[in-house]
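*Asks:* Encoded as structure tokens, here's the structure I'll be asking about.
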Amino acid sequence: MEHYLVAMGVTAGLYAVMALGMNVIWGMAGLINLGMVGFFAVGAYTSGLLTLKFGWPIPAGIVAGAAMGGLVGVLVALITVRLRGDYLAIVTLGFAETMRIVMSNELWIANGTDGLSGIPGPFRQALGPHLFNLMFLGIVVAATTILFFLFERLSHAPFGRVLRGIREDEQVVQVAGKNVIMFKVKAFAVGTAALGMAGALYGHFTSYIAPDLFAPLLTLYVKLSLLAGGLGNNVGAIVGAVLVVFFLESTRFVIPYIPEISAVQGAALREILIAGALLLVLRVRARGLIPEKIANVPLPDRPHAALSAKS
Amino acid sequence: MEALQLIVNGLMAGTILAIPAIGLTTLFAVLRFTNFALASHMTIGAFAGFVANTSLGLPVIPSLLAAFVIAGLVGWLSDEFMLKPLRATGFITTAIGSIALTIALENIVRFIFGNAMRGYNLPLRRDWVIHDIRVSPQQAENLVIAVVVMALLFAFLTLTRTGKAMRAVADNPMLAAIKGINADMVARLVSFVGMGLAGLGGMLIGLDTTIDPLVGFKTILSVFAAAVVGGLGSIPGAVVGALVIGVGEELSLLVLTPAYRTAVGFIAILLVLTFRPRGILGQRAY
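Just so you know, the sequences run in chain order A and B.
Read in order, the letters of the first sequence are residues -11 to 299 in the numbering used here.
Read in order, the letters of the second sequence are residues 4 to 289 in the numbering used here.
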């Protein structure tokens, strides 16, 4: 049981890292990114390949994973950032799917659908499985904490204010003389680098990655984390991630008690519950458990402001 | 010769693809958000038609009608109760809501029918061979059905009062409201027709191969590519885009392995958005 809780903690930490990254793109800059899982995969594969095939040390692999995630993020952003949000939604979703197709079919990169196995973890042999998980929990918690303080700084810095300005009204920011496109690309770079880092950590933790693991459902989990915790808010991102992992894992325990249900039905029911939870959160409390604090400037209602900005 | 065969296949696939692409573009034109729930409605249509065809023993045409009606009803109800309340909070929330909705609906289908691949109950027929070009009678029939459906839709949109009202709301919602058009009614009708077309398209695609709960998700990228290439919001654009994507996906087989077919749609989206962001026949993309 303790074993299980530690592994669950690592998952929660990885979700928190992803949620923090998504918060920069979506929460602060208001940009939609439905291809989150694609950047996660880029990081996982980069670090996995570098450490496994080229013998890089693990920390270097993780840094490279984050850098590659950010680089691909910049590329996707440069192509799409001038476009309206609905197009951004389609392109990012398509990006993640295309990544999955490429990794499934190009056997020479990473064995296709068989995936990469035996990705090294730090001191995995020396520590044994239990201590290894415990140590990895420490690494993930440290990574989450560092990112949290970093992004918290970023959020209060002029950079974060400009991003929130873009989210609320792009034109106003442009009139203020800011290069909106540059800021959007930077937001993507920072956010996708965090996603890449989460992917790299994931690979070193489980020692196995395959294209099937990078399904769009993961994007949904992280979105649910952010929305539940409070969009635009770094504390909310972490709280939401912990809640979502707890919720996901508890469905795993509850479903087998339902009589006469097959494995496929159980899995389907789990996904229905998660999607239903997301719809519910969107419907009931679009601002999350810990709503973003907006400085004491009287603002009109958010939904209303969003509407008038769109038309 | 091989290329010619691929072009013929592509044109037939493209005509079928045009049906859900029209559904998507109509939904977008009126409701102003990218509705990813289209994927699950294609699956729902395919399975509704499957039940009508195999359990009730209906022939193909009435089964297609069942696919249209059931997917349309689910589309209308899910929009009314799930997505409509989200629309006021902006399109990002709605688009994400539509993804959650599509995963929920797809899994409801999976819960009922399981993951197994299923096929429709169709008479076995020999392929026609005309000058070395192979065409299966089912494909030809699907092509005719798709063209008839499109003709009916065009007639509906241009000749009837309701159709004109739909176009008016798409064109200028405020002006339409001033003229006394009930935008809510039009939104409901568009949800029904758009998702109905998705369901019909899902079954048409399934008739050619097999169906499983992922049938919609596997084609959604091609459908979006068709709508974007043609220009999001334009119905003739969706048809042109679907033909381009259909032929493009088939011709890609000359140089790529079949697994990359869906990647063709993505590349087409990128190319079009880079060089002609409003699509072949559509509106501004930014």
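Here a beta-carbon is modelled for each residue, glycine too, at the ideal position from N, C-alpha and C.
#1: Could you confirm whether any beta carbon from chain A is found closer than 8 Å to the beta carbon of B:F36?
#2: What residue from B:R279, B:G282, B:R281, B:V250 has the CA that sits closest to B:V267's CA?
#3: Alpha carbon to alpha carbon, how far is B:G282 from B:A230? Give it in angstroms, no decimals.
#4: Report yes or no: is there a C-beta of chain B within less than 8 Å of the C-beta of A:T101?
#5: Mind checking which residues open and close the beta strand (DSSP E) that includes B:V54?
#6: Determine the DSSP secondary structure at B:M15, reduced to helix, strand or coil.
#7: Taking a cut of 9 Å between CB atoms, which residues from the stretch 87 to 112 of chain A lie near chain B?
#8: Just checking: is the beta-carbon of A:L22 within a distance shorter than 8 Å of some beta-carbon in chain B?
#9: Mark A:R88 as exposed unless 16 or more other C-beta atoms lie within 10 angstroms of its C-beta, in which case mark it buried.
#10: Indicate whether at least one CB of chain D lies closer than 8 Å to the CB of A:K172.
#11: So is A:A114 in contact with chain B if we call contact Cβ pairs under 8 Å?
#12: Considering only the alpha carbon of each residue, which of A:K166, A:M56, A:V230, A:K172 lies closest to A:G15?
#13: Looking at C-alpha atoms only, which residue of B:R129, B:M120, B:A271 is the closest neighbour of B:Q141?
#14: Is it true that the stretch 69 to 79 of chain A meets the stretch 160 to 174 of chain A, where meeting means three or more beta-carbon pairs spaced less than 8 Å apart?
#15: Does the beta-carbon distance from A:V160 to A:M10 come in below 8 Å?
#16: Expressed to the nearest angstrom, what Euclidean distance is found between the alpha-carbon atoms of B:S101 and B:L192?
#17: Can you give me the Cβ contacts of A:G18 inside the same chain, cut-off strictly under 6 Å, excluding the 5 residues immediately before and after it?
#18: Determine whether the beta carbon atoms of A:A186 and A:G103 lie at a separation below 8 Å.
#19: Rounded C-beta distance between A:E259 and B:N110? I'm assuming under 8 Å.
#20: Rounding to the nearest angstrom, what Cα-Cα distance links A:A265 and A:G254 in this structure?
#21: Smallest Cα separation from A:I13: which of A:A(-5), A:G31, A:G73?
#22: Are any of the Cβ atoms in chain A nearer than 8 Å to that of B:M120?
#23: Just checking: is the beta-carbon of A:Y(-8) within a distance shorter than 8 Å of some beta-carbon in chain B?
#24: Within its chain, find whatever has a CB closer than 7 Å to the CB of A:G(-3); leave out the 5 residues flanking it on each side and keep chain order.
#25: What is the C-beta distance between B:Y123 and B:F31, in whole angstroms, given that I count them as a contact (C-beta under 8 Å)?
#26: Would you mind reading off the limits of the alpha helix (DSSP H) that contains B:I247?
#27: Check whether chain A comes within 8 Å of B:G117, counting only Cβ atoms and requiring the distance to be less than that.
#28: Within this structure, are the beta carbons of B:G75 and B:G205 separated by less than 8 Å?
#29: Bridge partners for A:I197 per DSSP, in chain order?
#30: DSSP on B:I1, reduced to helix/strand/coil?
#31: Have a look at the DSSP bridge pairing and note the partners of B:I136.
#32: Measuring alpha carbon to alpha carbon, tell me which residue in A:Y(-8), A:H(-9), A:M(-11), A:Y33 is nearest A:L183.
#33: Keeping to the same chain, check which residues put their C-beta closer than 7 Å to that of B:L14; ignore five residues upstream and five downstream.
#34: How should A:H118 be labelled, buried or exposed, when 16 other C-beta atoms within 10 angstroms of its C-beta is the threshold for buried?
#35: Could you compute how far the alpha carbon of A:L63 sits from the alpha carbon of B:F227?
#36: With B:P284 and B:G240 assumed to form a contact (beta carbons below 8 Å), what rounded beta-carbon distance in angstroms separates them?
*Replies:* Reading off the structure:
#1: Chain A, which has a Cβ nearer than 8 Å to the Cβ of B:F36, makes this yes.
#2: Nearest Cα to B:V267 within the set B:R279, B:G282, B:R281, B:V250: B:V250.
#3: For the pair B:A230 and B:G282, the Cα-to-Cα distance works out to about 8 Å.
#4: Answer no: the Cβ-Cβ gap between A:T101 and chain B never drops below 8 Å.
#5: Segment: none, B:V54 is in no beta strand (DSSP E) and carries neither H nor E.
#6: Three-state result, B:M15: helix.
#7: Per Cβ criterion, the list reads I89, V90, S92, N93.
#8: Yes, its Cβ sits closer than 8 Å to a Cβ of chain B.
#9: A:R88 comes out buried.
#10: Included in the structure are the protein chains A and B, with no chain D among them.
#11: Under the 8 Å criterion on CB atoms, A:A114 is classed as non-interfacial with respect to chain B.
#12: When only C-alpha atoms are compared, the closest one is A:K172.
#13: Of B:R129, B:M120, B:A271, the residue nearest in Cα terms is B:R129.
#14: Output reads yes: the stretch 160 to 174 of chain A touches the stretch 69 to 79 of chain A.
#15: Against a cut-off of 8 Å, the Cβ pair of A:M10 and A:V160 comes out as no contact.
#16: B:S101 and B:L192: Cα-Cα distance of roughly 18 Å.
#17: Closer than 6 Å at the Cβ level, and outside the excluded window around A:G18, lie R155.
#18: Contact: no.
#19: The C-beta distance from A:E259 to B:N110 rounds to 4 Å, short enough to meet the 8 Å contact threshold.
#20: Rounded to the nearest angstrom, the two C-alpha atoms are 16 Å apart.
#21: The candidate whose alpha carbon is nearest that of A:I13 is A:G73.
#22: Chain A contact via Cβ: absent.
#23: With a threshold of 8 Å between beta carbons, A:Y(-8) makes no contact with chain B.
#24: Cβ within range, chain order: L125.
#25: Going by Cβ atoms, the distance from B:Y123 to B:F31 rounds to 30 Å, so no, they are not a contact pair.
#26: Here residue 247 of chain B is Val; the residue named in the question, Ile, does not match the sequence. It spans 238 to 254 - the alpha helix (DSSP H) in which B:V247 sits, taken as one unbroken run.
#27: It does; some Cβ of chain A falls within 8 Å.
#28: No, they are not a contact pair.
#29: Its beta-bridge partners are A:L104.
#30: Since the first residue shown for chain B is 4 and the last is 289, residue 1 of chain B is missing from the structure and cannot be characterised.
#31: For B:I136, DSSP records a beta bridge to B:I133.
#32: Comparing C-alpha distances from A:L183 to each of A:Y(-8), A:H(-9), A:M(-11), A:Y33 shows the shortest one belongs to A:Y33.
#33: Contacts found: L246, G249, V250.
#34: Exposed.
#35: Taking C-alpha positions only, A:L63 is separated from B:F227 by approximately 21 Å.
#36: According to the sequence provided, residue 284 of chain B is Leu. The question's Pro does not apply to it. About 4 Å; that satisfies the 8 Å criterion.
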